[in-house]
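The numbers in the sequence shown follow this note's numbering, run straight up by one, and end at 388.
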Amino acid sequence: MAKNQPLPLLGGITPAQFLAEYWQKKPLLIKQAIANFAGLLSPEDLAGLACEDEVQARIVQQKGEKWSLKNGPFDDADFSQLPKKDWTLLVQSVNHYVPEATDLLKQFDFIPHARLDDLMVSYAPDGGGVGPHFDSYDVFLLQGQGKRLWRISEQTDLTLVDGAPLRILKNFDTSQEWLLEAGDMLYLPPQIAHWGIAVSTRNEEGDAEDCMTYSIGFRAPKNQELASEFLGFMQDKLAQEELKLTGMYQDADLALQNHPAEISEAMVKKVSENLQKIKWSDNYVAQFLGTYLSEPKADVIFDVNKKMTLRVFSEKVAKLGIALDLKSQMLFLNIGLNDNINIHFFMNGEGVIFENQSAEILKELADKRVINAKKIDDASLLQQLYDWYIAGYLSFDFI
Ligand code: SIN
Ligand code: CO
């Protein structure tokens, strides 16, 4: 992607303009962001995915004022019981299963990979949707086949319907609405109330085309979640004695107390002073972020590759190159954790350090999710790539 050219994807503005004016600030409707976008998978493909054990899928149904939610995996009987209208199927992390999603997500490379959550795809016959709500993440809602009426609201009243199985806004005040067609896209920052209602259409052959929406979601971690995860990380550092909190509590200056049961002010002060020796630098925060942000979600399982020797692997990389598995998350840190030469790479929650030419190769793999055919001369890099391949983190299938 040319670095800062106007993009049709953003309605002709540059990524820099988008970041300055819209990102995390206000909605943006883009007509024909991807001209005549035909979608990446059919309703049948999506339903097939929703029947797989490891895939996170939901069916949301509306009957008058009542909403119901059913979690997958589903089977044919689940789908055959559904009415003609007013329900939707939502499938998370479609990018983990559909190789073509990689190219779609690459178009959003102006947002750091560390912020990406997933590509969710929904299917809905007429009237279907998840109701009026708000999300805690940034999302690009790209319309596939069919149409969807999007309503957004400027309301600050975010009260939810009591007892509903999903988060439905009690009061929704439409301030703007648009009918999105295939290839149109709506960007929404977090906390903006919105409501998408499927509108079925007919294609040129006269066949019904139900609505499919592609949600490219960027997670915005809660500060509280970051803090609690970071403190867990620091606890590990303490257990590994990296924090060098040595010695033990001492009170050679113990003064006589009137009440033996009382925890004295002097004791509280001493312990407090000791605890304040737990200091962290940006290096710790950097290490934590690399690990945390590249950690796979709990439900992600990698398929181990067993049958290949290091020599055959090396020959294949020299001939074909290698790619990240669709489920892999690879990030890197360029800031000097130890010094300015070493680059810290994080593959699915595990950190490794490389430098010079080897680091350049790994940066390419992380940025582009693929490296071109090349002979890997650095034995430790080759071994690392091989280990990742065996663990199922890399693949020859997606080059
Ligand atoms: C949403 O509004 O977050 C759901 C989008 C969809 O129904 O596809
Ligand atoms: Co939403």
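Don't be surprised by glycine CBs; every beta carbon is placed ideally from N, CA and C.
Could you give the C-beta distance for residue i and residue j, rounded to a whole number, given that I count them as a contact under 8 angstroms?
i	j	result
L315	Y86	7 angstroms
D151	N160	Contact doesn't hold; Cβ gap of about 13 angstroms is too wide.
E33	P62	So it is not a contact: roughly 16 angstroms between Cβ atoms.
F129	M174	6 angstroms
S253	P154	Going by Cβ atoms, the distance from S253 to P154 rounds to 52 angstroms, so no, they are not a contact pair.
G381	N294	6 angstroms
T77	G118	6 angstroms
S125	A209	6 angstroms
Closest to residue i by CA distance: which of the options is it?
i	options	result
Y112	T202, L245, R208	T202
Q96	S164, A22, V119	A22
I205	K(-8), K59, V110	V110
Y378	E198, G310, P(-3)	G310
R47	G53, D64, Q246	D64
I100	D386, A36, L18, Y11	Y11
K286	L232, K308, Q318, L93	Q318
Q180	G221, E254, Q144	Q144
L371	S69, R300, F334, L243	R300
V80	G120, E54, G37, F385	G37
T235	G0, I267, E170, E251	I267
M140	A209, N247, P16	Sequence check: residue 140 is Arg here, not Met. With distances taken between Cα atoms, R140 lies closest to P16.
F302	G338, F385, I350, F291	F385
E54	L158, F68, K14, P72	L158
I388	I350, A312, G338	A312
N337	I350, T298, L383, K357	L383
Y375	T298, R358, L351, K357	T298
L8	D127, L93, Q70, I290	D127
A241	A255, Q229, D196, D92	A255
The alpha helix (DSSP H) with residue i in it runs from where to where?
i	result
N60	No alpha helix (DSSP H) contains N60, which is instead part of the beta strand (DSSP E) from 55 to 60.
T91	89 to 95
G279	271 to 283
A255	254 to 264
A307	299 to 309
A244	No alpha helix (DSSP H) holds A244; DSSP gives it neither H nor E.
L8	4 to 10
F68	65 to 69
Which residues in the same chain have their Cβ closer than 6 angstroms to the Cβ of residue i, if we skip the five residues on either side of it in sequence?
i	result
L168	K136, L138
Q51	D75
G172	Q21, I23, A24, N25, F26
K226	L232
L322	A275, G279, H333
V0	It should be pointed out that residue 0 corresponds to Gly in this sequence rather than to Val. So the qualifying residues of the chain are I19.
V49	L58, T77, V119
F219	F277
Within its chain, find whatever has a CB closer than 8 angstroms to the CB of residue i; leave out the 5 residues flanking it on each side and keep chain order.
i	result
Y423	Look at the range of the chain in this structure, -10 to 388, and you will see that residue 423 is not part of it.
E198	Q134, G135, S189, T190, R191, N192
A90	L29, V83, N84, L108, L315
E170	Q132, K136
L94	N84, L105, L108, I205
Which same chain residues end up closer than 7 angstroms to residue i when comparing Cβ atoms and leaving out the 5 residues on each side of it in sequence?
i	result
G116	K74, D75, I186, A187
R156	H122, L149
L320	H102, A103, G279, L282, S283, F335, A355
A307	A362, K363, K364
Q373	V341
Q165	I141
D292	G381
F68	A36
For a cutoff of 8 angstroms on Cβ pairs, would you count residue i as touching chain D?
i	result
F63	Of the protein chains in the structure, only one exists, and it is not chain D.
Which stretch, first to last residue, makes up the beta strand (DSSP E) that contains residue i?
i	result
Q165	165 to 169
Q134	No beta strand (DSSP E) contains Q134, which DSSP labels as neither H nor E.
I100	Here I100 belongs to no beta strand (DSSP E), and DSSP marks it neither H nor E.
S217	From DSSP, S217 is part of no beta strand (DSSP E) but of the alpha helix (DSSP H) over 212 to 228.
S204	200 to 207
A46	46 to 52
G390	There is simply no residue 390 to check, as the chain begins at -10 and stops at 388 in what is shown.
E339	339 to 343
Y176	174 to 177
F321	319 to 322
I379	Taken as a continuous stretch (DSSP letters only), I379 belongs to no beta strand (DSSP E), being part of the alpha helix (DSSP H) at 368 to 379.
Y149	According to the sequence provided, residue 149 is Leu. The question's Tyr does not apply to it. Looking at the DSSP string, L149 is not in any beta strand (DSSP E), and its letter there is neither H nor E.
L79	76 to 80
L38	Not the beta strand (DSSP E): L38 falls in the alpha helix (DSSP H), residues 32 to 39.
I19	17 to 19
I267	Premise fails: I267 is in no beta strand (DSSP E) and is neither H nor E.
I332	332 to 336
Exercise for the section: Flag this pair as touching only if the segment 367 to 375 and the segment 344 to 352 have three or more C-beta atom pairs under 8 angstroms; answer yes or no. Expected result: yes
Practice task
Kindly confirm or deny that the segment 266 to 273 and the segment 205 to 214 touch, where touching means at least three C-beta pairs closer than 8 angstroms.
Solution key: no
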